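Residue numbers (our numbering): 1 to 291. Every residue, glycine too, gets a C-beta built ideally from N, C-alpha and C. Everything numeric in this text was worked out from a predicted model, so none of it was measured.
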Amino acid sequence: MAPSLRSLVSQATSFFSQVPLFGGDSFQPPSDVSFYDPLTSGPSCPREGPMSCHNSTPIADPESCCFVYPGGRILLTQFWDQQIHAGGAEEDWTLHGLWPDLCDGTYDQFCNMTPQYHNITAVLEQHGQHELVRFMDRYWLASSGPNSRLWEHEFNKHGTCINTLAPACYGESHTPGLEVVDYFQRAAALFRTLDTYHALQQAGIVPHPRKHYPLVDVKKALEKYSGGKVVLRCGGRRDVLHEAWYVYFIRGSLQTGDFIPAQDSGKEADAGNCAPWIKYLPKWHPRGADL
C-alpha cells in the first residue's frame, strides 16, 4: 500500500513562523510539516507588515506585491473521497484548491492579475517541478477526467485572483510560468501541514460504516490541530463528511509570506452545511483497481 501523507512528510520542517493569535497565545503548528523556500525571484517582503484583511488604510499599488488583496482570506480546501485512488491509501484526504476569498466571504474568479494557463503539467515540468507533479498526481485529484484539468481550473479560477502572483511582482526576472510554480508549490506545502486524517484519528474519530460523530467534536479536533477555523461540508443528506476548508490570512506575499490561522470563520461559516451528527465513511476499493 502507498505511504500516507503523514509518513511522506515526517522529516519536513515548518514554513510557519510562531505568530501570536488574537487571544495572546502562540500557534504551535503540527511537527510534521513542510517548508517551501521559493525557487523564484518573487517579492521580498517585510515580516512586520499587516495581515491580509487587517490593514487600517488602503494599500497603495506599489506595495501590493507584499499584501494579498482584495482576496485576503485564504482557504485550503480538502476532499474526503469515497474511493481509494490508484496509488493512494485508505487515509488519504486530497487537495481541492487554494482559494482567495474576499474579506467579506465573497470571492472573485477568473481574474486578470496573472495570465491564465492551459498546460499546467508542462509549465511545472519546464521549471523542473517533476517531484511536485508526482505529489499532485497523488494528492490533488480530479473526481473525473485528468487531474491536469482540475489543476488548470483551480489556477485559472483562483490563482489568477492572487495579486502577488502578477508578473510585475517578479520584476525583470519574470518568465512565464513562475507564478504557476509558486501557486502550486505553496498550496502543496500548506496541504502538507494539514494531515486531516491524523488530526481526527488523534481525537478518536475514524472512518466507520455506521457510526455517527457529533459535528462539534469533528470541528473541535481539526481546529485544535490547525490552530484556526475550519468549515466542514457534507454530502448525502448533509450527514456524510466530504470536505474541510481551513481558513487563513497571509502576512506578506503568497510566495513567501506567513499563513496565519484565522480565529473567526467569517462569512465562510455560512458555507458549512453539515447536520449536527455526521458519518465519516471508510473508503472503498474500486473493483479491479491495481492499488
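- In the displayed model, Ala244 falls within a strand according to three-state DSSP.
- Taking C-beta separations shorter than 6 Å and ignoring five residues to either side along the sequence, Gly236 has no partners in its chain.
- With distances taken between CA atoms, Lys229 lies nearest to Phe249 out of Arg238, Glu91 and Phe249.
- For Gln129, same chain residues with a beta-carbon under 7 Å away, outside a window of 5 residues either side, are Val181 in chain order.
- Boundaries of the beta strand (DSSP E) around Thr77: Arg73 to Phe79.
- Counting only the Cα atoms, Glu172 lies some 31 Å from Leu76.
- For the 9 Å CB-CB criterion, His54 and Gly71 do not form a contact.
- Arg186 and Ala275 have their C-alpha atoms some 32 Å from each other.
- Around Ala221, the same chain offers Ala199, Leu200, Gln202, Ala203 and Ile205 as residues with beta carbons nearer than 8 Å, after the five sequence neighbours per side are excluded.
- Counting along the chain, the unbroken alpha helix (DSSP H) around Arg192 starts and ends at Leu178 to Arg192.
- Contact between the segment 162-179 and the segment 128-148 is not established, with fewer than three Cβ pairs separated by less than 8 Å.
- For Leu222, no pairing in a beta bridge is given by DSSP.
- Scanning its chain for C-beta atoms nearer than 6 Å, with the 5 sequence neighbours on each side dropped, one finds around Pro286 the residues Gln83, in chain order.
- Ile278 and Lys211 have their C-alpha atoms some 8 Å from each other.
- Here DSSP, grouped into helix, strand and coil, assigns Gln202 to helix.
- If the five residues before and after Ser265 are omitted, its C-beta is found closer than 7 Å to the C-beta atoms of Lys229, Val231 and Val247, all from its own chain and listed in chain order.
- By the neighbour-count definition (other C-beta atoms within 10 Å, threshold 16), Asn156 is a buried residue.
- In this structure, Tyr280 places its C-beta atom within 9 Å of the C-beta atom of His208.
- The three-state reading of DSSP puts His130 in helix, counting H, G and I together.
- When secondary structure is reduced to three states using DSSP, Thr94 falls in the strand class.
- If you ignore the 5 residues before and after Phe110, its C-beta comes within less than 7 Å of the C-beta of Asn156, Lys157 and Thr160, all in its own chain and listed in chain order.
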